[in-house]
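Structure record follows, encoded as structure tokens.
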Amino acid sequence: MVGDKIKRKAKNVFISHFGQDEEHIGRLKTLLRNRGYQLKNSSIDSTKPNQASNPDYIKRLLRLRIHWSGTVIVLVGPETHTRPWVDWEIEQAHKKGKRIVGVYINGAGQSDIPEKLAKYGHAMVGWTGNKIIEALEGGGTPPKWEDGENSSWNSPFTRIVSNC
305 MVGDKIKRKA KNVFISHFGQ DEEHIGRLKT LLRNRGYQLK NSSIDSTKPN
355 QASNPDYIKR LLRLRIHWSG TVIVLVGPET HTRPWVDWEI EQAHKKGKRI
405 VGVYINGAGQ SDIPEKLAKY GHAMVGWTGN KIIEALEGGG TPPKWEDGEN
455 SSWNSPFTRI VSNC
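Take any residue in the sequence shown, count from 1 to its spot, add 304: that is its number in the numbering used here.
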């Protein structure tokens with residue numbers, strides 16, 4: 305019926321990401337909004353930029369924003385594993401006891417996982433709305449390598465790749 309509001313489930317999250325992958329934050333929010341899920345994101349991005357340059361101040365600000373969140377989502381693209389700030393944010397989330405969910409950005413399902421995500425992550429999913437919601441709600445499979453690739457790397461993740 306026109307005019308009816310969809311009741312949305314709201315989730316306070318911190319979205320850790322490589323700056324060049326920022327466009328996927330809006331896409332993730334839209335993907336989940338279309339499934340009745342509203343993400344309230346406390347991370348720093350171009351919609352709420354921060355011009356700070358002092359690393360101690362930035363860390364304090366990020367710790368507060370991570371603390372506010374219930375879950376930390378890590379957007380994983382081709383270069384995410386090379387970003388020290390992403391690993392630092394994941395480690396802070398772990399220290400605060402937050403659920404940590406990795407999400408491969410659309411088309412990046414073969415990307416390497418950041419070291420701290422492999423160590424502390426609770427779930428790793430592809431770009432599929434239902435799988436992301438399941439992981440946010442505490443389900444999903446703890447990640448590990450299914451194909452034996454990088455099997456010497458002690459990762460708890462199951463690679464769940466979707467072409468959707």
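Using N, Cα and C, we set each Cβ at its ideal position, and we do this for glycine too.
With DSSP run on the structure shown, which of helix, strand or coil describes residue i?
| i | result |
| --- | --- |
| residue 414 | coil |
| residue 345 | strand |
| residue 400 | coil |
| residue 334 | helix |
| residue 384 | helix |
| residue 451 | Here residue 451 scores only 43 on pLDDT, less than 50, and its place in the model should not be relied on; the value that follows carries that caveat. Looking at residue 451 - three-state DSSP - the assignment turns out to be coil, as it is neither helix nor strand. |
Based on DSSP bridge pairs, tell me the residues matched to residue i.
| i | result |
| --- | --- |
| residue 318 | 376 |
| residue 427 | 405 |
| residue 313 | 341 |
Give a yes or no on whether the C-beta atoms belonging to residue i and residue j are separated by under 7 Å.
| i | j | result |
| --- | --- | --- |
| residue 325 | residue 379 | yes |
| residue 439 | residue 427 | yes |
| residue 401 | residue 425 | no |
| residue 391 | residue 420 | yes |
| residue 359 | residue 384 | no |
| residue 369 | residue 322 | no |
| residue 429 | residue 436 | yes |
Among residues of its own chain, excluding the 5 on either side of residue i, which ones have a beta-carbon nearer than 6 Å to its beta-carbon?
| i | result |
| --- | --- |
| residue 328 | 379 and 409 |
Residue i and residue j look like a contact to me (Cβ under 8 Å); what is the Cβ gap, rounded to whole Å?
| i | j | result |
| --- | --- | --- |
| residue 347 | residue 382 | Actually they are not in contact, since the Cβ atoms of residue 347 and residue 382 sit about 20 Å apart, beyond 8 Å. |
For residue i, collect the residues of the same chain with a Cβ closer than 8 Å to its Cβ; drop the 5 residues on either side in sequence, then sort them by chain order.
| i | result |
| --- | --- |
| residue 332 | 319, 343, 377, 379, 407 and 436 |
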